[in-house]
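Below is one structure, written out as structure tokens, with a few remarks after it.
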Amino acid sequence: MQQKEHPVERSQLETQLKAYEQWKADIIRTVKLYYSWLSKHRLATDESEKRIRDCLSSLYSDRLTIAFVAEFSRGKTELINAIFFSDFGRRLLPSTAGRTTMCPTELFYDQQADQAYVRLLPIETRLQDTSIRDLKRKPALWVTYPLDLESADQVEDCLQEVIKTRKVTLAEAVRLGMYDPQQHPNQSRPPDFVEIPKWRHALISFPHPLLKQGLTILDTPGLNALGSEPELTLKMLPSAQAVLFVLAADAGVTRSDLEMWQNHIKGFQRSRQRGLIVVLNKIDTLWDELQDATSIDNAINRQCNHTAQILGVNRKAIFPVSAHKGLLGKIKGDDNLMEQSHLLKLEHYLSNDILDSRQEIIKDTVTAEISQMVENTRGIVATKLNGIQSQLDELRQLSGKSQDMIEHMMTKTRTEQADYMRNVNSFQASRKILKDQANTLRDALDLKKLERSITATHNAMADNWTTLGLKSSMRSLFDDMRGNMQIVVDQSEQARKLIRSIYRRFQNEHGFSVVQPKMFSIMRYRVELEMLYQEAEIFRKSPVTAMTEKHFVVKRFFVAMVSRARDIFFQARQEVDSWLSTALEPLTFQIREHKEQMERRLLDLQKISRSRDTLESRVTELENQHNAVAKQLTILRNIHNTLNTSYPVAKTTRPKPKLVSARKSAG
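Take the sequence shown: its letter number 330 is residue 329 in numbering that gives the first Met the number 0, and every next letter is one higher.
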């Protein structure tokens with residue numbers, strides 16, 4: 000199966016994604032350069048190496064994830080084909096009438112795999128108390144079909160798996176959590192058999208240029224899948240940089256659309272300023288040859304305004320499109336059809352706002368971390384440069400001075416050295432206080448203690464099958480976690496104050512360069528836990544929860560919400576450990592460097608006291624050192640500047656695909 004050759008001018012999304020990936024490559028190269036510099040100048044520590052490795056790992060694994068969410072028959076999969084896969088001149092994903100994605104599907108490019116594939120997780124794995132994330136680490140449980148990219152028919156046949164279903168007995172459907180009789184109270188007689196998805200989850204690795212550049216597409220089925228797979232709603236969707244909620248223009252916001260929005264999508268508005276998009280698809284159903292273009296546009300705008308009002312979103316977040324006509328327009332190279340489909344406006348938003356948002360996240364986390372390390376290193380080197388300059392000034396003033404003056408300077412230096420060592424001893428005492436605070440912090444984030452609390456709650460919920468008892472246990476567990484998080488808030492604030500006072504003392508009394516120590520803020524984790532707490536409250540009070548079979552209530556609560564809480568505590572603990580290991584590191588280097596310079600200064604005075612001949616050679620030696628250290632500062636400044644650049648905004652015009660002939664040649 001051949002992809003058509005790209006036109007000279009790529010789509011804007013592809014161009015911007017390529018610019019973004021190049022920016023990341025430059026950041027990775029710069030981080031490696033900084034690590035080499037640290038190693039060369041013996042400033043690398045085990046902790047700094049770990050921090051750099053973690054940052055590089057984050058950059059390498061960073062992916063842009065766009066999730067598509069919709070009820071059945073909204074044209075969601077057609078929209079994916081239109082935006083991302085029109086270059087293949089056919090529907091890569093099955094989206095014809097009556098055929099729709101039945102299981103959550105991730106499309107990406109697996110760099111570690113030898114060939115493209117479809118990997119499918121059997122629906123029976125729902126019987127396990129294991130998250131999809133953990134199941135991804137167990138390839139033996141998945142069914143894998145290699146994709147033969149030379150055969151379009153073979154690829155199409157394999158991709159049909161994502162729409163397959165199977166009939167099972169009612170008892171089996173209930174056991175798998177795919178049917179709850181309590182949610183069908185109007186049925187006079189329960190069915191003997193129920194049609195359920197054949198697969199629970201699908202992974203598709205495909206060598207598409209956009210996927211190769213780090214794009215991941217998450218295609219989710221309708222309301223039933225979101226409700227039965229809470230991990231999808233509570234983990235996968237929140238981690239996406241963009242969530243596209245797809246509606247049908249001819250139907251508007253239906254009851255099931257509104258239920259999906261309120262129960263599974265609306266919550267994202269609290270946690271993101273952008274990236275939540277409503278797509279009003281199938282606007283071609285509003286086209287009417289008996290009406291002029293203005294009347295049609297007015298009808299579309301009325302539908303958009305009505306949708307914005309019902310969902311409570313800004314009108315600018317709603318994009319009316321025709322995925323079908325957009326796909327057709329791209330394949331035929333029909334500019335007029337493309338213009339009418341409005342697809343380009345949506346692509347423009349994805350290629351600019353979403354990538355900008357992703358870059359801000361990288362800059363606020365990874366590059367900010369390395370930038371602070373570089374700044375601290377610059378402070379250490381600047382302190383060294385100042386020390387060399389002070390020695391130079393002092394030695395130059397000794398020319399022609401009497402022996403008594405040199406003796407006086409030696410006495411003064413010894414006094415300064417004694418004062419300095421007293422502060423160093425005080426520094427060691429402060430480190431002990433910080434260590435005690437660290438133990439309190441670590442105890443509040445003790446993962447073993449958290450696991451014991453989780454296990455106790457699970458046992459209590461297993462023994463108490465009343466709805467009130469289950470809800471009480473859920474609330475109690477989250478109250479305990481919030482209490483521990485408050486301890487971390489209080490102790491981390493005390494630790495921050497102590498660290499700042501230690502730095503300030505050496506900066507004020509010994510002229511150390513102003514270095515901002517690495518600081519830890521628990522607020523991000525506290526906010527995440529509070530948001531999760533609110534979601535847990537909604538889950539506890541939801542009528543759906545009250546109607547759902549209790550076994551699945553417990554399972555969903557622990558697989559989705561409790562596992563997320565565990566992740567929050569795990570990440571907070573890791574960051575606390577890193578902070579406490581590195582907070583005093585820059586000052587420790589400066590203390591060591593200052594001590595060595597004072598000892599060298601005293602030794603120089605002693606040598607000059609015995610022989611004035613050493614004065615000139617020592618001045619020359621210090622001048623050479625000064626020049627070398629000044630060059631090191633320049634290198635670090637350049638590294639810092641590179642880390643804080645943004646990727647260029649590429650200016651593109653829409654390509655005009657020459658698809659008819661290319662499609663024929665592609666067969």
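Heads up, the beta-carbon is just placed ideally off N, CA and C, and yes, glycines get one too.
- Per DSSP, the beta-bridge partners of E105 are L202, L217.
- In the three-state DSSP reduction, R481 falls in the helix class (H, G or I).
- Secondary structure note for I317: its beta strand (DSSP E) is the uninterrupted segment 317-319.
- For F519, no alpha helix (DSSP H) encloses it, and the DSSP letter there is neither H nor E.
- Exclusion of the five residues before and after F519 leaves S491, E574, V575, W578 as the residues of its chain whose Cβ lies within less than 7 Å of its Cβ.
- DSSP places V117 in the uninterrupted beta strand (DSSP E) bounded by 116-121.
- Taking 8 Å as the upper bound for CB-CB distance, L586 and T412 are not in contact here, some 22 Å apart.
- Straight-line spacing of the CA atoms in S321 and F244 works out to 14 Å.
- Three or more Cβ pairs closer than 8 Å define a contact, and the segment 258-267 falls short of that threshold against the segment 37-57.
- The beta carbon of L632 sits closer than 7 Å to those of R377, V380, A381, L384, all from its chain and outside the five residues before and after it, given in chain order.
- Shortest Cα-Cα distance from E155 to any of L614, F205, E368, E595 involves F205.
- The way I'd put it, the segment 619-636 doesn't touch the segment 12-28; fewer than three beta-carbon pairs between them come closer than 8 Å.
- Rounded to whole angstroms, the separation of the alpha carbons of M420 and H407 is 20 Å.
- Using a C-beta cut-off of 8 Å, the segment 302-311 makes no contact with the segment 322-335, since fewer than three inter-stretch Cβ pairs fall below that distance.
- Distance from the Cα of R451 is smallest, within the candidate group Q339, V561, S350, for V561.
- For the pair L449 and I282, the Cα-to-Cα distance works out to about 51 Å.
- Judged by DSSP secondary structure, K344 falls within the alpha helix (DSSP H) whose first and last residues are 342-348.
- Judged by DSSP secondary structure, Y144 falls within the beta strand (DSSP E) whose first and last residues are 142-145.
- By the neighbour-count criterion, in which a residue is buried when 16 or more other Cβ atoms sit within 10 angstroms of its Cβ, H40 is exposed.
- Taking C-beta atoms as the reference points, L106 and I79 count as a pair closer than 9 Å.
- Spanning the alpha carbons of I607 and T613 requires a straight line of approximately 6 Å.
- One alpha carbon belongs to K554, the other to T124, and they sit about 13 Å apart.
- Taken through DSSP and simplified to helix, strand or coil, T44 comes out as coil.
- By the neighbour-count criterion, in which a residue is buried when 16 or more other Cβ atoms sit within 10 angstroms of its Cβ, G386 is buried.
- Per DSSP, reduced to three states, the secondary structure at A461 is helical.
- Between A201 and T104, the C-beta gap is smaller than 9 Å, which places the two residues in contact.
- If only complete runs of 4 or more residues are kept, the segment 395-473 shows the alpha helix (DSSP H) at 402-443, 446-462, in order along the chain.
- Put simply, the segment 493-512 does not touch the segment 360-373. Fewer than three CB pairs are less than 8 Å apart.
- In the structure shown, the three-state DSSP call for V312 is coil.
- Counting along the chain, the unbroken beta strand (DSSP E) around K166 starts and ends at 164-168.
- Distance check between P237 and each of V618, R599, R563 places R563 closest, using alpha-carbon atoms only.
- Burial check for K166: the Cβ neighbour count within 10 Å stays below 16, so the residue is exposed.
- L148 carries a coil assignment under DSSP once its states are collapsed to helix, strand and coil.
- For Q302, same chain residues with a beta-carbon under 6 Å away, outside a window of 5 residues either side, are A248 in chain order.
- Leaving aside the five residues that flank S645 on each side, none in its chain has a CB nearer than 6 Å to its CB.
- When C-alpha distances from A112 are compared across K211, Y19, V193, the shortest belongs to K211.
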